[in-house]
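With mature numbering (1 follows the signal peptide of the UniProt record, and there is no 0) as the guide, the letters of the sequence shown map in order to residues -21 to -1, 1 to 458.
Beta carbons are placed, not taken as given, at the ideal position from N, Cα and C, and that holds for glycine.
In this text the structure is predicted, and so the values were computed from the model without any measurement.
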Amino acid sequence: MLSRLPHLLLAGLALAGAVSATPSADEEVRAFFAREGAAIRPLNIGRRSAASSQTRHLRPTFDDGMPMIKRSKRDSITPPDVGQIADFGDQDPQPIRNGNGDTFLAASNHEIDEQNVDNVAAPPTDAGTVPNLKWSMSLSHTRLLNGGWVREQTITDLPPSKDLAAAEIRLSPNAYRELHWHRVAEWGYILNGTGRITAIDDSGRSYTSDIKGPLNGTDADIYYFPPGVPHSIQALDQGLEILLIFTDGNFDASGTTFMLSDWLAHTPLEIVAQNFGVNTSVLSGIPQKDPYILKSTVPPAPYGHGGDQAVSDPNGNVPSPYVFHLDQQEKKVAPGGGGWVKIQDSVTNFPVSTLLASALVYVEPNGLRELHWHTNDEWLYIISGNARATAFPGGSSARTFDFQPGDTAVFPVSYGHYIKNLSPTEPLIYLELFKAPKFVDFSATQWLALMPRQVVADLLKVPISVIETFAKEKQLIVS
Ligand SMILES: *[C@@H]1O[C@H](CO)[C@@H](O)[C@H](O)[C@H]1NC(C)=O
Ligand SMILES: *[C@@H]1O[C@H](CO)[C@@H](O)[C@H](O)[C@H]1NC(C)=O
Ligand SMILES: *[C@@H]1O[C@H](CO)[C@@H](O)[C@H](O)[C@H]1NC(C)=O
């Protein structure tokens, strides 16, 4: 009791501090953003808090004959342990489960523990040494630029993600992500705000399109730039935040991204002048260092008026759009009754996106994206809600992860997995991405339902009458 006291005291003080300090701190932040002319958005708790505040401290209850009782630290799970997430009530998670483990006797980062209870007190089904498959964008270094910021998740952050890397980019109102191209394909999901993208293809056909986040209650836009296609992005008057995916985990390697201004700054000026057919004197102001993000000198035409700025193109326009409007796609209601999906790939509905297949997944409260696997690495991003997932790499090993908004994860090719919405009240919304021309998955339930019953019954030691109830269609998300 005595050793516990300083900790409780500190926690009490911290709580008291948080309660009284939050409103004024919040006001200061708002005032700061107002002064800076940026979109009003509380620091670090904006997009995240809206979705997660209800569920962040969620203690799920299990009604399968196991009423949630206040458990002592010495026994966070009372038998029978059916693998549920450990519940430590109002106390800090401790590495204790089923009579094994013991309390932290020294410091631990309890906020991180609380977000990753399955790291602290894993279900008994976890085994072996499965590498970390999760990365929170909040752990990424953020580059602050004049007109926005960017933070990345590359192979150095999440080594098992070899196929795909990611970034979040924020553009202040009217700011540009400068003209550039990549060795790899770029895919974007508009997290918030409105913007305008520009590009040309290898035949000199141009493309301009306005893009929007999940505004006015609609689903967001996504876009895709093939490798080599030069492009730019501009925020419109509300500012813009985008999730970017690139088809190489080693995205920061030299030879991956090429900025126009960087190139010209490293080309003899005489050559640049001859190339463009102009006098060197008119080029005296070209940047000597690429800005990456920069502010515009004149506000662009408003949302929906991108055409006003278009240059007449003798070659015509790009034949297959780079933007896909998710709000114009029908939801595919999950046969399992637990939510819906919208799947985009080059074979089905987004022809240009030959290197990336994607799915926007909406899981109802308590819903479960069924046990399944894929023929490519799956990379995922939590947009809102709280989730739990177990990765099964084969070889008697498994590891369970917990996710919050802004978390990314990878399930390497063929790993079995599920994704469970932990909240009884809030939906879970996330993205699945694959470096593939087509979305492919295998459902465990469908497999077992379509095999000779006796084969399955003998293996699982489950009556045939039970196997007969397994669904023959992929359930996708079960309720
Ligand atoms: C978009 O940003 C606005 C302004 O900060 C905020 O009110 C809104 O909740 C954000 N929307 C999403 C989907 O995060
Ligand atoms: C959202 O609705 C407002 C009001 O109807 C409209 O002015 C605005 O253009 C809409 N935004 C988008 C991105 O559709
Ligand atoms: C380039 O511009 C400078 C300054 O205006 C001028 O003196 C020079 O004659 C120009 N050179 C050519 C080749 O036009």
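Item	Value
Please state if the CB of A145 and the CB of I224 are separated by a distance shorter than 9 Å.	yes
State yes or no: is the C-beta of L194 nearer than 8 Å to some heavy atom of ligand 2?	yes
Helix, strand or coil: how does DSSP classify S32 here?	Reliability fails at S32, whose pLDDT of 34 lies under 50, so the model's placement of it is uncertain and no value is given.
Taking 8 Å as the limit between beta carbons, can you name the residues of its chain near S275, skipping five residues before and five after?	N153, A154, Y155, Q213
Based on DSSP bridge pairs, tell me the residues matched to W166.	Y203, I224
For G317, collect the residues of the same chain with a Cβ closer than 7 Å to its Cβ; drop the 5 residues on either side in sequence, then sort them by chain order.	V342, E343, G346, L347, I456, V457, S458
Where does E357 fall in DSSP's three states?	strand
Considering only residues of the same chain and omitting the five flanking positions on each side of A132, which have a CB-CB separation below 8 Å?	Note on identity: in this sequence residue 132 is Gln, with Ala being the wrong assignment. Excluding sequence neighbours, Q132 sits near W114, M116, S119, S140, A144, A145, A146, T387.
Please report how far the alpha carbon of D105 lies from the alpha carbon of L438, in whole angstroms.	21 Å
Span of the beta strand (DSSP E) holding D269?	Here D269 belongs to no beta strand (DSSP E), and DSSP marks it neither H nor E.
Helix, strand or coil: which one does DSSP assign to L401?	coil
So, helix, strand or coil for N79, using DSSP?	strand
Taking all protein chains shown into account, decide if F390 is buried (16 or more other Cβ within 10 angstroms of its Cβ) or exposed.	buried
Return the CA-CA distance between A289 and T177, expressed in angstroms with no decimal places.	9 Å
With 16 as the cutoff for other CB atoms within 10 Å, does V257 come out buried or exposed?	exposed
Here's a check: name, in chain order, each residue in its chain whose Cβ is nearer than 6 Å to the Cβ of I179, leaving out the five neighbours to either side.	S185
For the candidate residues W242, T173, D200, whose alpha-carbon lies nearest to that of H159?	W242
Taking C-alpha atoms, which residue in Y394, P270, Y202 lies nearest to A336?	Y202
Closer than 9 Å, CB to CB, is A100 near chain B or not?	As a matter of chain content, chain B is missing from the structure shown, which is built from one protein chain.
Buried or exposed for H351, please, with buried defined as at least 16 other CB atoms from any protein chain shown within 10 angstroms of its CB.	buried
Can you give me the start and stop residues for the alpha helix (DSSP H) that T424 sits inside?	423 to 429
Looking at C-alpha atoms only, which residue of L248, A252, G174 is the closest neighbour of L215?	G174
Would you say the beta carbon of N254 is closer than 8 Å to some non-hydrogen atom of ligand 3?	no
Take the Cβ of K451 as the centre, count every other Cβ of all protein chains shown within 10 Å, and call the residue buried at 16 or more, exposed below.	exposed
Measure the CB-CB distance between P278 and G126 and report whether it falls below 9 Å.	no
Going by DSSP, name the residue or residues bridged to F237.	W160
Please classify P46 as buried or exposed, where buried requires at least 16 other C-beta atoms within 10 Å of its C-beta.	The predicted model places P46 with a pLDDT of 38, which falls under 50 and marks its position as unreliable; any figure quoted below should be read in that light. Exposed, since its Cβ has fewer than 16 Cβ neighbours within 10 Å.
Could you check the C-alpha separation between N254 and V312 for me, to the nearest Å?	55 Å
Between which two residues does the alpha helix (DSSP H) holding F255 run?	248 to 255
Going by the CB atoms, is the gap between L334 and P205 shorter than 9 Å?	yes
Shortest alpha-carbon distance to W358 belongs to which of A370, T448, E349?	A370
Tell me which residues share the same chain as E349 and place their Cβ nearer than 8 Å to its Cβ, disregarding the 5 neighbours each side in the sequence.	G315, Y397, S422, A423, T424, K453, Q454, L455, I456, V457
Work out the CA separation of D231 and I64 for me, nearest whole Å.	36 Å
By DSSP, does D324 sit in helix, in strand, or in coil?	coil
In three-state terms, what does DSSP make of E93?	helix
Tell me the rounded alpha-carbon separation between G207 and T236.	9 Å
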